[in-house]
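K.L.:
Just passing along the structure, written as C-alpha cells.
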Amino acid sequence: MMDAIDIDLGTLDAQDEAELVIRHPKTREPTTWVWTFYGPAHAKTRALADRVSREALRRSVAERQARINGEPLPDEDPQTPDQIRAETVDSIVARTKAFTPVKLGDQQIVFSPDAARALLLDRKKAWLFVQIVNYLKAEENFIQPSAPS
C-alpha cells in the first residue's frame, strides 16, 4: 500500500494571471518592463480557445460535408507566414491584461491592445514575440511556486 502524499492540489491550480518580466534579448538580464497575461483558465483565455476551436471545427465540418457530397473541398487559400504571425499576435493580445509603460525612442508607450499589437508585429522586435510565445506556451508559468517545506 502506498503512503499518503501530503499535497493540496488546489495549490497547483493555474492562476488567473501571471507576470512576465521581459529580458534583454542579448544579455538575458531582466528589465523593468513587465507584461501581465491572463492564465489558461481565465474567462478571456477560454473565450479565445473556444473561438479558435469553433473555427477549426467549422473548417472540418465543411471539408467533411464536401467529401460526403462528392464535392470539391472548399477553396481556402493557404495562409502566408505574415497572416499566421498576425493571428498569433491577435491571440497574444487577447490574453494580455496589461504591460508597464516603456520608452520607444523619445515617446512613452502605454498599454493598449493596439500598442501591444504594433510592438509584437514589429520585425525588429522579434525577440519580444519569441519571449512571449515561449512564456504563454509553458502553463507552469501560471502556477505559483510551492512554499518551502
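When the count follows our numbering, it moves up by one through the sequence shown with no breaks and lands on 923 for the last residue.
Positions of the beta carbon are idealized from the N, C-alpha and C atoms, including for glycine.
Quick caveat: nothing in here was measured; it's all calculated off a predicted structure.
Quick one: using the 10 Å Cβ neighbour count with 16 as the cut-off for buried, is serine 923 buried or exposed?
P.N.:
Counted from its first residue, the sequence shown places residue 923 at position 149. Reliability of the predicted coordinates at serine 923 is poor, the pLDDT of 45 falling under 50, and the value obtained from them is presented with this limitation in mind. In the assembly as shown, serine 923 is an exposed residue. Its beta-carbon has fewer than 16 other beta-carbons within 10 Å.
K.L.:
Give a yes or no on whether the C-beta atoms belonging to alanine 788 and proline 814 are separated by under 8 Å.
P.N.:
Counted from its first residue, the sequence shown places residue 788 at position 14. Counted from its first residue, the sequence shown places residue 814 at position 40. In contact: alanine 788 and proline 814 (Cβ atoms closer than 8 Å).
K.L.:
Closest to leucine 902 by CA distance: which of Ile866, Gln853, Ser886, Pro855 is it?
P.N.:
Start at 1 with the first residue of the sequence shown, and residue 902 comes out as number 128. Out of Ile866, Gln853, Ser886, Pro855, Ile866 has the C-alpha closest to the C-alpha of leucine 902.
K.L.:
Between Ile779, Tyr909, Ile842, Asp864, which lies nearest to lysine 818 when the distance is taken from Cα to Cα?
P.N.:
On the sequence shown, residue 818 is found 44 positions in, with the first residue counted as 1. Closest by alpha carbon: Asp864.
K.L.:
Would you kindly work out how many angstroms separate the C-alpha atoms of arginine 833 and alanine 823, rounded to a whole number?
P.N.:
If you number the sequence shown from 1, residue 833 lands on position 59. If you number the sequence shown from 1, residue 823 lands on position 49. About 16 Å.
K.L.:
Who does threonine 810 pair with in a DSSP beta bridge?
P.N.:
Residue mapping note: residue 810 aligns to position 36 of the sequence shown, counting from 1. Bridge partners of threonine 810: Glu793, Ala872.
K.L.:
Taking just the CA atoms, how far does glutamate 793 sit from isoleucine 781?
P.N.:
Along the sequence shown, read from residue 1 onward, the residue named residue 781 stands at position 7. Along the sequence shown, read from residue 1 onward, the residue named residue 793 stands at position 19. Rounded to whole angstroms, isoleucine 781 to glutamate 793 spans 25 Å at the Cα level.
K.L.:
On a Cα-Cα basis, can you pick out the residue from Lys898, Arg820, Tyr812, Arg869 that is closest to isoleucine 756?
P.N.:
Nothing can be reported for residue 756: it is not among the residues displayed for the chain, which extend from 775 to 923.
K.L.:
Please classify threonine 785 as buried or exposed, where buried requires at least 16 other C-beta atoms within 10 Å of its C-beta.
P.N.:
Working through the sequence shown from its first residue, we reach residue 785 at position 11. With fewer than 16 Cβ atoms within 10 Å of its Cβ, threonine 785 is classed as exposed.
K.L.:
Starting from glutamine 839, follow the alpha helix (DSSP H) in both directions and report where the run begins and ends.
P.N.:
Locating residue 839 in the sequence shown gives position 65, counting from the first residue. Taken as a continuous stretch (DSSP letters only), the alpha helix (DSSP H) holding glutamine 839 covers 817-842.
K.L.:
Measuring only the C-alpha atoms, how far is glutamate 861 from asparagine 843?
P.N.:
Within the sequence shown, the letter at position 87 stands for residue 861. Within the sequence shown, the letter at position 69 stands for residue 843. Approximately 31 Å between the Cα atoms of the pair.
K.L.:
Reducing DSSP to helix, strand and coil, say where isoleucine 883 ends up.
P.N.:
Working through the sequence shown from its first residue, we reach residue 883 at position 109. Strand at isoleucine 883.
K.L.:
Flag this pair as yes or no: are the beta carbons of tryptophan 809 and isoleucine 883 separated by less than 8 Å?
P.N.:
In the sequence shown, residue 809 corresponds to position 35, counting from 1. In the sequence shown, residue 883 corresponds to position 109, counting from 1. It is not a contact, given that the beta carbons lie outside the stated cut-off.
K.L.:
Is any non-hydrogen atom of the ligand PLP found closer than 7 Å to the C-beta of glutamine 789, if you look at the structure I gave you?
P.N.:
As far as ligands go, the structure on display features none, and thus does not contain the ligand PLP.
K.L.:
What would DSSP say about threonine 805, mapped onto helix, strand or coil?
P.N.:
To locate residue 805, count along the sequence shown from 1; it is residue 31. In this structure, threonine 805 counts as strand in the three-state DSSP scheme.
K.L.:
Just to confirm, are phenylalanine 873 and alanine 890 a CB contact at a threshold of 8 Å?
P.N.:
Residue 873 sits at position 99 when you count from the first residue of the sequence shown. Residue 890 sits at position 116 when you count from the first residue of the sequence shown. Taking C-beta atoms as the reference points, phenylalanine 873 and alanine 890 count as a pair closer than 8 Å.
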